[in-house]
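Taken in order, these protein sequences are the chains called X and V. With this note's numbering, letter number 118 in the first sequence gets 118, and the count goes up by one each step, no holes. With this note's numbering, letter number 299 in the second sequence gets 1299, and the count goes up by one each step, no holes. The C-beta atom is built at its ideal place from N, Cα and C for all residues, glycine as well. Remember, it's a predicted structure, so these values are computed and weren't measured experimentally. What follows is a short report on a single structure.
Number of protein chains: 2
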Amino acid sequence: MSESVGRLTLADIARLAGVGVGTASRALNGSSSVAPATRARVLAVAEQYHYVISPDASGLARGTTGRVGLVVPHMSRWFFGTMVEALEAVFRRADIDVLLYHVGDRRDRQEFFQRLPARRKVDALVVVGFPIEEAERQRLELLDVHVVAAGGQNADYPHVSIDDLNAGTQAVGHLVSLGHRAIAMIEAVDPDQSPSPSQRSAAYYTLLEEAGIPIDPRLVVQVDWGGVQGAEAMGQLLSLRSRPTSVYAHSDEVALGAIRTIRRAGLRIPEDISVVGIDDHPLARLTDLTTVGQPVWEQGRRTAELVLSLLEGGPANSSVTLPTRLVVRRTTAPPAATSD
Amino acid sequence: MSESVGRLTLADIARLAGVGVGTASRALNGSSSVAPATRARVLAVAEQYHYVISPDASGLARGTTGRVGLVVPHMSRWFFGTMVEALEAVFRRADIDVLLYHVGDRRDRQEFFQRLPARRKVDALVVVGFPIEEAERQRLELLDVHVVAAGGQNADYPHVSIDDLNAGTQAVGHLVSLGHRAIAMIEAVDPDQSPSPSQRSAAYYTLLEEAGIPIDPRLVVQVDWGGVQGAEAMGQLLSLRSRPTSVYAHSDEVALGAIRTIRRAGLRIPEDISVVGIDDHPLARLTDLTTVGQPVWEQGRRTAELVLSLLEGGPANSSVTLPTRLVVRRTTAPPAATSD
DNA sequence: CTGTTAGCGCCTTCAT
DNA sequence: ATGAAGGCGCTAACAG
């Protein structure tokens, strides 16, 4: 014999099992119309020779890739990592492979949409955590596959995310109802994204207005996403003549940075200053940070399920908004009584 | 005309450009032997119709997949995320796609090696951050592709990583040279991994012995990887009759948890207790944690390059060990003078 | 340099 | 239920 080496093909298995390639194929794919005995024989041979069908050849003939692409702007951040984990988990169960596309900075991103490296390689694309611009959307059409967005508002595509406006309202509302009036906000923007007007910020303005609290522009600081930036922003806030009694940060990571600065300045939390973030990052629990939790894993899971549904011809208009919830821990309290 | 809809094929492009499929193929693939004018024409047509070659069909004919698989035990942790980012960056530049396989817990892992979902789908496999067991190694042979390990000692495969023994030595050595003798160690083990005897622990024992410091088993606590676990371990350490003057944690995340417990207990760092970790996690900088930095991105980059080299027929025995370096910040200091 | 022709490994009618 | 044959989209070897 000569095929002791090299990869066996379907034809080999068929011959070895004494059937035609057609039957072999059907048997391996669990097609209904195959005699149980025949199937067993084929399966046995395949098993014995450690044979598995070539997904690429199969896909070529079938017209599908069996893959989905994930476009992610960050990998080393909890939110995105968790999201990817959830997505992968669902896709894996459906026997779909995950192709990873990292678009770190603006250049990566531009190149991704220009070259479209995912062309002809995926059955669907999941965009995680950033809004698609119109020009990008047009490029994506060339992919000619389903596109869904996860964890970011993307009006153009079916998406699953949280209600940022509501999340922000829960955070700021908590501060307001605690009696705070000098409420600062640290806006976190992704330096590599178009600085879209955040709903998390909108919540702040709306709520303060409703509470009859005049907006003090000096209490609003905008920084790049991240702990160090949060720390710096807080430094700025502390240097203010009339220091805020509370801080609303757009994310826990930023909040943690702020907390560090506050502590270093010798101030106590929450006695002197209250801090609230958004996310319910694992570190929030560790540091007793009051925050607005968002179901990250769930967002990933639902997104993947949405994709699977679309792949099976399901309706394309089924976006999902998941609830967030205020998690009160120990970085918030009523403001200290002052002689103001 | 009829092919205004549906995906164009190479044959279409060839016809449209007035050449044979062979020439079209060569032109698109940048093969040398094609008249500049001809190539230009083909490229123009392809461009005009937004045509790109089918990677799967191409791969089928060529015998390669153009993909590599990444096997990762965690996605939401900084170390792994960064690693993946680095790997992806290099592979992308080489026009190689990245298939992601997440093996979270032991069951995932077992299933991965049992089913080998990557079979026939990748040209190489990169195992990130965990040691391969013998049984698993045998299964991997069925993949019949290059396997390389990143960020973990895998004697069986070419790998790039740091020298854990050395890293630990730098950390503990720092404490010893500072004058500490009551040095505690918080060992971090991944609950989903085989609890291999860590070199980071070996460093501790060796160094203490060399310094003539008797080993006190109560000063060594083993916990699952993570901040909360580190915090708990520290609680245990603080409840000891003779409290340690310093703590060596296997990772920054664990160290940060420990720090939290220390602060909560009303003790000062580094005055009352020194803390040193390993990794140089971004948070370490934010929190002024003394640590032993390891070049994570670099490990990923080198690993990917090693893979590319292997794919081009390079030597298979070129493992790489990257240096770590002590980063002294503000959580370590000489022990307070006692009347001991 | 370029056109033609076999495959690459599998799926899917179409008959039987 | 099963075998035979055509086709999926592309590459490579061969003649020119």
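Item                                                                                                                                                 : Value
Closer than 8 angstroms to chain X by CB, histidine 1102 (chain V)                                                                                   : yes
Any C-beta of chain V under 8 angstroms from that of histidine 50 (chain X)                                                                          : yes
Check whether proline 1158 (chain V) and alanine 1304 (chain V) have beta carbons under 8 angstroms apart                                            : no
Whole runs of the alpha helix (DSSP H) within the segment 1149-1214 of chain V, excluding any shorter than 4 residues                                : 1164-1177, 1199-1210
Span separating the alpha-carbon of alanine 231 (chain X) from that of alanine 1333 (chain V)                                                        : 24 angstroms
Closer than 8 angstroms to chain X by CB, serine 1002 (chain V)                                                                                      : Model confidence at serine 1002 (chain V) stands at a pLDDT of 35, short of 50, so the residue's coordinates are unreliable; what they give is reported in the following sentence. No, serine 1002 (chain V) lies away from the interface with chain X (no Cβ there is under 8 angstroms from its Cβ).
Contact set for serine 76 (chain X): own chain, Cβ-Cβ below 7 angstroms, skip 5 residues either direction                                            : none
Anticipated Cβ contact below 8 angstroms, leucine 1310 (chain V) with valine 228 (chain X), distance rounded                                         : No, leucine 1310 (chain V) and valine 228 (chain X) are not in contact; Cβ-Cβ is about 38 angstroms, not under 8 angstroms.
Short Cβ contact (8 angstroms threshold) for valine 1362 (chain V) with glycine 1277 (chain V)                                                       : One cannot answer for residue 1362 (chain V) here, as it falls past the ends of chain V, which runs 1001 to 1340.
Proximal residues of chain V, C-beta to C-beta of serine 76 (chain X) below 7 angstroms                                                              : Trp1078, Gly1081, Thr1082, Glu1085
Contact set between arginine 1026 (chain V) and chain X, taken where Cβ atoms lie within less than 7 angstroms                                       : The premise fails here: arginine 1026 (chain V) is roughly 19 angstroms from chain X at the closest Cβ pair, so nothing lies under 7 angstroms.
Beta-carbon spacing of threonine 1169 (chain V), alanine 1203 (chain V) below 8 angstroms                                                            : yes
Distance, histidine 250 (chain X) Cα to glycine 1173 (chain V) Cα                                                                                    : 41 angstroms
Inter-residue spacing [alpha-carbon to alpha-carbon] between valine 145 (chain X) and aspartate 1097 (chain V)                                       : 18 angstroms
Per-residue burial, alanine 24 (chain X) [other beta carbons within 10 Å of its own, 16 or more giving buried]                                       : buried
Proline 1270 (chain V) versus threonine 1331 (chain V) - alpha carbon distance                                                                       : 5 angstroms
Beta-carbon proximity of valine 128 (chain X) to glycine 151 (chain X), cut-off 8 angstroms                                                          : yes
Whole-angstrom distance between tryptophan 78 (chain X) and tryptophan 1078 (chain V), CA atom to CA atom                                            : 8 angstroms
Buried or exposed (CB count within 10 angstroms, at least 16 for buried), proline 191 (chain X)                                                      : exposed
Closer than 8 angstroms to chain V by CB, threonine 38 (chain X)                                                                                     : no
Contacts that glutamate 1088 (chain V) makes with chain X (C-beta to C-beta distance below 7 angstroms)                                              : Leu100, His102
Leucine 1116 (chain V) - DSSP class collapsed to helix/strand/coil                                                                                   : coil
Test: valine 42 (chain X) CB closer than 8 angstroms to a CB of chain V                                                                              : no
Sequence-distant residues of the same chain with beta carbon closer than 8 angstroms to leucine 1238 (chain V), five excluded per side               : Thr1261, Ile1262, Ala1265, Leu1267
Separation of alanine 1167 (chain V) from threonine 1009 (chain V), as counted between CA atoms                                                      : 55 angstroms
Where isoleucine 970 (chain V) sits in the DSSP three-state scheme                                                                                   : Since the first residue shown for chain V is 1001 and the last is 1340, residue 970 (chain V) is missing from the structure and cannot be characterised.
8 angstroms Cβ cutoff, arginine 120 (chain X) in contact with chain V                                                                                : yes
Cβ-Cβ separation, valine 1072 (chain V) to valine 1090 (chain V) (assumed contact under 8 angstroms), whole Å                                        : About 16 angstroms separates the two Cβ atoms, so there is no contact after all.
Three-state secondary structure assigned by DSSP to arginine 1293 (chain V)                                                                          : Reading off the sequence shown, one finds glycine at residue 1293 (chain V), where the question assumed arginine. Residue state, collapsed to three classes: strand.
Cβ-based burial, glycine 1226 (chain V) [other Cβ within 10 Å; buried from 16]                                                                       : buried
Buried/exposed call for glutamine 294 (chain X), threshold 16 Cβ in 10 Å                                                                             : buried
Backbone CA spacing between alanine 1124 (chain V) and leucine 1070 (chain V) [nearest angstrom]                                                     : 9 angstroms
Beta-carbon contacts of proline 1117 (chain V) that lie in its chain and below 6 angstroms, excluding the five residues immediately before and after : none
Beta-carbon proximity list for leucine 1106 (chain V), same chain, < 6 angstroms, skipping 5 on both sides                                           : Position check: residue 1106 (chain V) holds arginine in this sequence, whereas leucine was assumed. Asp1192, listed in sequence order.
Residue from V:Val1296, V:Leu1175, V:Ala1184 with nearest C-alpha to serine 1242 (chain V)                                                           : V:Ala1184
Anticipated Cβ contact below 8 angstroms, valine 1189 (chain V) with alanine 1211 (chain V), distance rounded                                        : No, valine 1189 (chain V) and alanine 1211 (chain V) are not in contact; Cβ-Cβ is about 25 angstroms, not under 8 angstroms.
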